[in-house]
Amino acid sequence: MLENLLSESRYTVVFTGAGMSTESGLPDFRSSKGLWKQKDPSQLASTDALNHNVNEFIEFYRERVLGINEFKPHKGHFILADWEKRGIIKSIITQNVDGFHQLAGSVRVAELHGTLRNLHCQTCGKEYRSEEYINEEYYCDCGGVLRPSVVLFGESLPSEAFDFAIRESEKADLFIVLGSSLTVTPANQFPLIAKDHGAKLVIVNRDQTQFDRYADLVVNDKKIGELLNELNKV
Ligand code: APR
714 MLENLLSESR
724 YTVVFTGAGM
734 STESGLPDFR
744 SSKGLWKQKD
754 PSQLASTDAL
764 NHNVNEFIEF
774 YRERVLGINE
784 FKPHKGHFIL
794 ADWEKRGIIK
804 SIITQNVDGF
814 HQLAGSVRVA
824 ELHGTLRNLH
834 CQTCGKEYRS
844 EEYINEEYYC
854 DCGGVLRPSV
864 VLFGESLPSE
874 AFDFAIRESE
884 KADLFIVLGS
894 SLTVTPANQF
904 PLIAKDHGAK
914 LVIVNRDQTQ
924 FDRYADLVVN
934 DKKIGELLNE
944 LNKV
């Protein structure tokens, strides 16, 4: 079924969440072993945490920066990059901040929630590489605190990525969600925008989502890596 949808489609857009990177070794957020099962995001991944809980904030994000340097894109990331080169997919809208799609060679990628690959000073905005956190450098030359260039709860999404995601969702005739619980707005609106503009919607996710009822196809019984590998052989 999905291979037919892919071969019939003229403009396929892929939307990824943390489930795309669990097979690389990175935890997701809301499944049974997810990050938010052990920690409270509002106490860590928020501007409030940055302003009032800075040591715990830095410790939490240093762990995650170490994670994206320890783990690597898996075969599924490379298959999506190859599919972009072959025209099978046109773009990727990702909620992930690990940079694995670009590391695997994908080019047309919108990072809705920013990236853990860079830091910037909360005071003057000067940009740094996230290696500063690995080297335990947490402050800017100006004295301001360095924070990852990710979207924290309470912050708005980067407009360029957001606008790109809207345009791609409106152009899609096939919109494939890979590994997202679709619980966080406004990111979870893009599958609906695509559907509203006539796209077929496919949701590949181990757990059920609140949007399954809008999908033309739901795949719960296959891991993303396994499914992409099978499709790549067709
Ligand atoms: N194959 C298929 N599905 C998987 C796999 C896999 N290998 N691994 C995990 N999943 C599914 C889980 O069942 C889960 O429903 O991926 C989904 C990931 O959902 P979340 O953990 O909620 O991650 P995500 O949807 O990306 O979260 C969105 O929340 O905390 C914020 O900014 C953070 O970008 C993140 C946003």
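According to the numbering used here, the sequence shown is numbered sequentially starting from 714. Virtual Cβ for every residue (Gly too), placed ideally from N, Cα, C. Keep in mind that this is a model prediction, so the values were computed, not measured.
- Message: Quick check: what's the CA-CA separation for Gly747 versus Asp925?
- Response: As a position in the sequence shown, residue 747 is number 34, starting the count at 1. As a position in the sequence shown, residue 925 is number 212, starting the count at 1. One C-alpha to the other measures close to 21 angstroms.
- Message: Relative to the C-alpha of Pro871, which candidate in Asp920, Val858, Leu940, Pro899 has its C-alpha closest?
- Response: Here residue 871 refers to the residue found at position 158 of the sequence shown. The residue with the shortest Cα to Cα distance from Pro871 is Pro899.
- Message: Below 8 angstroms, is the gap between the Cβ of Gln808 and the nearest heavy atom of the ligand APR?
- Response: Here the question's residue 808 lines up with position 95 in the sequence shown. For the ligand APR, at least one heavy atom lies less than 8 angstroms from the Cβ of Gln808.
- Given a cut-off of 9 angstroms, decide if Val778 and Leu829 are closer than it, judged by their beta-carbon atoms. In the sequence shown, the residue the question calls residue 829 occupies position 116. In the sequence shown, the residue the question calls residue 778 occupies position 65. Yes, they are a contact pair.
- Message: Is Ile937 near the ligand APR - that is, is its Cβ less than 8 angstroms away from at least one heavy atom of it?
- Response: Locating residue 937 in the sequence shown gives position 224, where the first residue counts as 1. Yes; taking the cut-off as 8 angstroms, the Cβ of Ile937 has a heavy atom of the ligand APR nearer than that.
- Which residue's Cα is closest to the Cα of Phe877: Val858, Val864, Phe903, Ile889? To locate residue 877, count along the sequence shown from 1; it is residue 164. The option with the nearest alpha carbon to Phe877 is Phe903.
- the ligand APR heavy atoms versus the CB of Gly732: any closer than 8 angstroms? For this step, residue 732 is matched to residue 19 along the sequence shown. Under cutoff, so the answer is yes.
- Message: Could you pull the DSSP bridge partners for Ser862 from this structure?
- Response: Against the sequence shown, residue 862 aligns to sequence position 149. Thr828.
- Length at least 3, wholly inside the region 767-818: the beta strand (DSSP E) runs in chain order: 804-807
- Give the secondary structure of Thr898 by DSSP, where H, G and I count as helix, E and B as strand, and everything else as coil. For the purposes of this step, residue 898 is taken as the residue at position 185 of the sequence shown. Correct three-state label for Thr898: coil.
- Val863 versus Gln756: straight-line alpha-carbon distance, rounded: For the purposes of this step, residue 863 is taken as residue 150 along the sequence shown, with counting starting at 1. For the purposes of this step, residue 756 is taken as residue 43 along the sequence shown, with counting starting at 1. Roughly 16 angstroms separates the two Cα atoms.
- Mapping DSSP to helix, strand and coil, what is Glu721? If you number the sequence shown from 1, residue 721 lands on position 8. The answer is helix: DSSP assigns Glu721 an H, G or I state.
- Is the Cβ-Cβ distance between Ile937 and Glu881 less than 9 angstroms? In the sequence shown, counting from the first residue as 1, residue 937 sits at position 224. In the sequence shown, counting from the first residue as 1, residue 881 sits at position 168. No, the Cβ-Cβ distance between Ile937 and Glu881 is not below 9 angstroms.
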